[in-house]
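Quick note: the sequence shown uses this note's numbering, first residue 3, plus one each step.
Each residue gets a CB set at the ideal place from its N, CA and C atoms; glycine is no exception.
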Amino acid sequence: MANQNAAGNQGQVIMQQQIGIISEFKFNMDWDNYIERLEQYFIVNSVVDEKKVPLLLTLVGDEGYALLKNLCTPDLPSTKEFKELIKLMSNHLKPKPNIITERYKFKERKQKDDENISNFVASLMNIASKCDFGTNLENHLRDQIVWGIRDGAIKKRLLGESDLTYKKAVEMSTAMEAAIKDARQLAVGSEMVNVIRNRDKKECFCCGRTNHQIKDCYYRNATCNNCNRKGHLAKMCRIKSEAKGRYPEFQRETQQKKECSNFRGRGKSSSRGHFNLRRATS
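1. Among Asp51, Glu179, Pro97, which one has its Cα closest to the Cα of aspartate 34?
2. Could you tell me which whole alpha helix (DSSP H) segments of length 4 or greater appear in the stretch 32-101?
3. With three or more beta-carbon pairs closer than 8 Å as the criterion, would you say the stretch 152-163 touches the stretch 171-181?
4. Taking the alpha-carbon of histidine 94 as reference, which of Cys74, Leu139, Ala171, Val148 has the nearest alpha-carbon?
5. Rounded to whole angstroms, what is the Cα-Cα separation between proline 79 and phenylalanine 135?
6. Tell me whether cysteine 229 is buried or exposed, calling it buried when 16 or more other Cβ atoms sit within 10 Å of its Cβ.
7. Would you call the stretch 118-137 in contact with the stretch 85-93, where contact means no fewer than 3 C-beta pairs closer than 8 Å?
8. Figure out for me which residue from Leu70, Gln146, Asn141 has the closest Cα to the Cα of serine 125.
9. Which residue spans inside the stretch 112-152 form an unbroken alpha helix (DSSP H) run of at least 4?
10. Just to confirm before moving on: does the CB-CB distance between cysteine 239 and cysteine 219 stay below 8 Å?
11. Here's a check: name, in chain order, each residue in its chain whose Cβ is nearer than 7 Å to the Cβ of isoleucine 21, leaving out the five neighbours to either side.
12. Going by beta carbon distance, what residues of the same chain come within less than 8 Å of valine 55, once the five residues before and after it are set aside?
13. Excluding sequence positions up to five away, which residues of its chain have a Cβ less than 8 Å from the Cβ of threonine 212?
14. Determine the DSSP secondary structure at glutamine 257, reduced to helix, strand or coil.
15. Less than 8 Å between the beta carbons of tyrosine 168 and leucine 143, yes or no?
16. Measuring CB to CB, does histidine 234 end up less than 8 Å from cysteine 226?
17. Since alanine 236 is in the alpha helix (DSSP H), which residue starts that stretch and which ends it?
18. Let's see if you can read the secondary structure: which residues bound the alpha helix (DSSP H) around lysine 158?
19. Can you tell me whether alanine 185 is buried or exposed, with buried defined as 16 or more other CB within 10 angstroms of its CB?
20. Thinking C-beta only, is leucine 58 closer than 8 Å to glutamate 26?
21. Use the C-beta contact count for arginine 254: other C-beta atoms within 10 angstroms, 16 or more gives buried, fewer gives exposed.
22. Pull up the CB-CB distance for leucine 160 and valine 172, whole angstroms please, since I reckon it's below 8 Å.
23. Given a threshold of 16 other Cβ atoms within 10 Å of its Cβ, counted over all protein chains shown, does glutamine 42 qualify as buried or as exposed?
24. Tell me which same chain residues have a C-beta within less than 8 Å of the C-beta of tyrosine 36, skipping the five on either side of it?
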């Protein structure tokens, strides 16, 4: 037991002498990224070539070693060179993509509704890395940025540039996107200020205006033509507004009765006049 603890402690000391940490490879990791980190680990720790294969076979874990053993059959992985083992795993885990398929994905890639331009460009670069564009990479990226960008104003501005390059397209589009975002935020802020200002404006009880307080109103001692009370104009009379709002049917019926009464009165007077005329002629 003591020997095991001593061995474990010795292993910890050895690991502490190394720079950086490399975890065991898992199949849900990206193999290319893992190997890039492993090679940097070799450089910073001055790992000699003779130790690269043993370290790799240790770090790939049980499943990785079993796979490498099958790929190396009938030879053992330990008999291969480091680069040979890397190539065997790369061909198995990441087979060479179909260029036509990847270029189709590239051409179909457009900026999403919830995606900023920087992330859109990063996604295009990731897809383009599998398209084998060679020296025309930046031209393809430039064209797809213009084609796939969502904002119509930015697209129009880029199309107006006769000497547009990939770098210029990225700089212009990201700058315009930031300016549009700032302008929208300022507009929202102005709207909120106006809402608050309008909310704080209260109508004067005396005259209905909003540019002064009641105590400063010119009409605070005016007499209402509707209720004959002092302190407000007729247009601000509460009695008048309440009557209109609460008793419209009663007002219509009263008006109709008044009109009928006037009509009957006119009829009676006409009949009496006609009767008197007949008596006079007779």
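Checking against the coordinates, here is how it stands:
1. Pro97
2. 33-46, 51-61, 63-74, 84-95
3. yes
4. Cys74
5. 35 Å
6. exposed
7. no
8. Gln146
9. 119-130, 139-150
10. no
11. Val46, Asn47
12. Pro79, Ser80, Lys82, Glu83, Phe84, Leu87
13. Lys203, Lys204, Glu205, Cys206
14. Residue placement at glutamine 257 is poorly supported in this model, since its pLDDT is 44, which falls under 50; the coordinates still yield a value, given next. Helix.
15. yes
16. yes
17. Where alanine 236 is concerned, there is no enclosing alpha helix (DSSP H), given that its DSSP letter is neither H nor E.
18. 154-161
19. exposed
20. no
21. Here arginine 254 scores only 44 on pLDDT, less than 50, and its place in the model should not be relied on; the value that follows carries that caveat. The residue in question, arginine 254, is exposed, as its Cβ has fewer than 16 Cβ neighbours within 10 Å.
22. That belief does not hold up - the Cβ atoms of leucine 160 and valine 172 are roughly 10 Å apart, past 8 Å.
23. exposed
24. Phe27
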